[in-house]
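Residue numbers (the numbering used here): 110 to 440.
Each remark here refers to the structure printed beneath this line.
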Amino acid sequence: MTGPAPLTEIWRGPMAESRHTGHAVICDGSGEIVEAWGNPAEAVYPRSSAKMIQALPLIESGAAGAYGLTAEQLALACASHNGAAIHTDRVKAWLADLGLGDDDFRCGPQVPDDDAARFALIRAYEAPCQVHNNCSGKHAGFLTLAQHLGAGPEYVEPDHPVQKACLAAFEEVTGEESPGYGIDGCSAPNFITSLHGMARAMARFACAEDGKDARQSAQHRLWQAMVAHPELVAGEGRACTELMRACSEPVALKTGAEGFFIAILPSRQMGIALKITDGATRAAECTIAALLVRLGVLDPGHPAARARLNAPIRNRRGIETGRIVPDAGLL
Numbered sequence: 110m111t112g113p114a115p116l117t118e119i120w121r122g123p124m125a126e127s128r129h130t131g132h133a134v135i136c137d138g139s140g141e142i143v144e145a146w147g148n149p150a151e152a153v154y155p156r157s158s159a160k161m162i163q164a165l166p167l168i169e170s171g172a173a174g175a176y177g178l179t180a181e182q183l184a185l186a187c188a189s190h191n192g193a194a195i196h197t198d199r200v201k202a203w204l205a206d207l208g209l210g211d212d213d214f215r216c217g218p219q220v221p222d223d224d225a226a227r228f229a230l231i232r233a234y235e236a237p238c239q240v241h242n243n244c245s246g247k248h249a250g251f252l253t254l255a256q257h258l259g260a261g262p263e264y265v266e267p268d269h270p271v272q273k274a275c276l277a278a279f280e281e282v283t284g285e286e287s288p289g290y291g292i293d294g295c296s297a298p299n300f301i302t303s304l305h306g307m308a309r310a311m312a313r314f315a316c317a318e319d320g321k322d323a324r325q326s327a328q329h330r331l332w333q334a335m336v337a338h339p340e341l342v343a344g345e346g347r348a349c350t351e352l353m354r355a356c357s358e359p360v361a362l363k364t365g366a367e368g369f370f371i372a373i374l375p376s377r378q379m380g381i382a383l384k385i386t387d388g389a390t391r392a393a394e395c396t397i398a399a400l401l402v403r404l405g406v407l408d409p410g411h412p413a414a415r416a417r418l419n420a421p422i423r424n425r426r427g428i429e430t431g432r433i434v435p436d437a438g439l440l
């Protein structure tokens with residue numbers, strides 16, 4: 110079995126001080142591997158990088174159509190957002206349309222990553238709600254599907270119809286039977302697959318044709334919603350949002366916890382999946398930026414690229430002391 114490959118290095122002065130290893134796969138429209146680093150068969154939790162897969166039943170079931178969901182809401186269903194007002198206001202309105210409230214969520218409260226939202230809560234002496242959870246858009250999608258199916262309120266339980274539908278979609282688009290699951294930070298099951306399976310799934314999203322069939326139409330709608338609303342998928346200052354804006358052609362990007370990242374490249378009919386072994390976000394962001402540059406869809410001189418690719422490391426006096434650089438094998 111192939112071990113992890115070097116993907117990102119942290120340089121200080123004349124030498125590499127730290128190295129992040131991992132696995133990365135680029136797949137074409139047939140699901141075949143175009144390029145790979147490390148072990149394509151590595152078993153992984155894709156974490157939040159799987160949200161567009163988890164959103165497939167929302168559309169395929171007819172729920173999205175029945176409730177008139179917009180592209181903004183579909184983008185939020187795929188989001189790991191900052192909890193800014195642009196996110197929480199929309200999720201609250203979505204809940205209200207369902208006749209539901211914050212207590213109907215099962216994702217748990219989270220302090221917003223957005224400074225303005227966090228400081229507003231502090232000034233008001235208020236605790237964060239579940240709507241502030243970065244996964245609240247995904248959970249609004251789960252609640253919509255549960256209501257459409259007439260299913261019970263415990264929609265994160267693995268044997269709930271919502272999660273059974275998510276598992277079926279997950280196994281179909283990855284092309285693999287999942288050997289199990291772990292419970293994600295938002296309490297929903299996160300299904301295991303191989304890195305190749307996840308890249309294959311993203312390539313299938315990239316190749317999807319609107320109107321071809323229910324699955325492809327759903328895939329097409331989801332990546333288009335992400336590209337149309339990058340600010341809803343993550344938020345200002347975040348890699349997903351900034352790199353989607355920076356790409357020279359439509360590319361849907363989504364991070365996942367513990368060093369995961371995916372890319373959907375419709376114009377190239379390719380999908381990317383990567384996992385950093387030690388779970389470092391800085392390495393995942395550098396690696397995905399390097400792969401986008403490698404494929405010619407991201408200018409390495411763009412500010413969003415430079416913030417993650419060969420990004421300077423500064424000390425507390427603002428002096429540049431090092432850089433975050435991709436391994437030479439990526440470029």
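By construction, the Cβ of each residue, glycine as well, lies at the ideal position given by its N, Cα and C atoms.
Which residues does DSSP pair with threonine 302 in a beta bridge? Val153
Tell me the DSSP bridge mates of glycine 431? Arg121, Ile422
Just confirm the distance between the C-beta atoms of isoleucine 135 and glutamate 141, as a whole number of angstroms; I'd bet it's less than 8 Å. Isoleucine 135 to glutamate 141, Cβ: 10 Å. No contact.
Spatial neighbours of glutamate 169 within its chain, please: C-beta separation below 7 Å, excluding the five flanking residues on both sides. Ala323, Arg324, Ala327
Could you tell me the alpha carbon to alpha carbon distance between lysine 363 and alanine 133, rounded to whole angstroms? 15 Å
Contact between the segment 221-237 and the segment 150-162 (3+ Cβ pairs under 8 Å): no
Under 8 Å by Cβ, that's how I've got phenylalanine 381 and alanine 308 pegged, so tell me the actual separation to the nearest angstrom. With the sequence shown as reference, residue 381 is identified as isoleucine, and phenylalanine is not the correct amino acid for it. Indeed they touch by this definition, with Cβ atoms about 6 Å apart.
Alanine 133 - DSSP class collapsed to helix/strand/coil: strand
Give me the Cα-Cα distance between methionine 492 and alanine 255, rounded to the nearest whole angstrom. The chain is shown from 110 up to 440; residue 492 falls before or after that span and cannot be answered.
Threonine 111 - DSSP class collapsed to helix/strand/coil: coil
With C-beta atoms as the reference, is glycine 131 less than 9 Å away from threonine 430? no
Comparing alpha-carbon positions, which option in Ala348, Ala389, Glu358, Gly365 lies nearest alanine 398? Ala348
From what residue to what residue does the beta strand (DSSP E) around glutamate 144 run? 142-146
Below 8 Å, can you find three or more Cβ-Cβ pairs linking the segment 165-182 to the segment 332-339? yes
Using a threshold of 9 Å, state whether the C-beta atoms of glutamate 126 and proline 435 are closer than that. no
At 3 residues or longer, what runs of the beta strand (DSSP E) sit wholly inside the segment 278-330? 290-292, 298-300
Within 10 angstroms of the Cβ of isoleucine 385, are there 16 or more other Cβ atoms? Answer buried if so, exposed if not. buried
Opening and closing residue of the beta strand (DSSP E) in which glycine 380 lies: 379-385
Quick check: the Cα distance between alanine 389 and tryptophan 120, rounded to an integer number of angstroms? 16 Å
Nearest-angstrom Cα separation, counted from isoleucine 433 out to asparagine 419: 5 Å
May I ask which residues mark the beginning and end of the beta strand (DSSP E) holding leucine 362? 361-365
With a threshold of 6 Å on Cβ separation, who are the neighbours of arginine 313 within its own chain once the five nearest residues in sequence on each side are excluded? Val282
Is the separation between the beta-carbon of cysteine 275 and that of glycine 217 shorter than 9 Å? no
Any idea if glutamate 286 is buried or exposed, counting beta-carbon neighbours within 10 angstroms, 16 or more meaning buried? exposed
For the beta strand (DSSP E) containing alanine 372, list its first residue and its last residue. 369-374
DSSP state of glutamate 181 mapped onto helix, strand, coil: helix
Looking at the secondary structure, which residues open and close the alpha helix (DSSP H) in which leucine 254 lies? 245-258
Could you tell me the alpha carbon to alpha carbon distance between arginine 425 and glycine 405, rounded to whole angstroms? 35 Å
Jot down the residue ranges of each uninterrupted alpha helix (DSSP H) in the segment 165-224, minimum 4 residues, whole runs only, in chain order. 165-169, 172-175, 180-186, 194-207
Within 9 Å, strictly: CB atoms of glutamine 163 and alanine 188: no
State buried or exposed for phenylalanine 370, treating a residue as buried only when at least 16 other CB atoms are found within 10 Å of its CB. buried
Alpha-carbon spacing of alanine 278 relative to asparagine 242, whole angstroms: 24 Å
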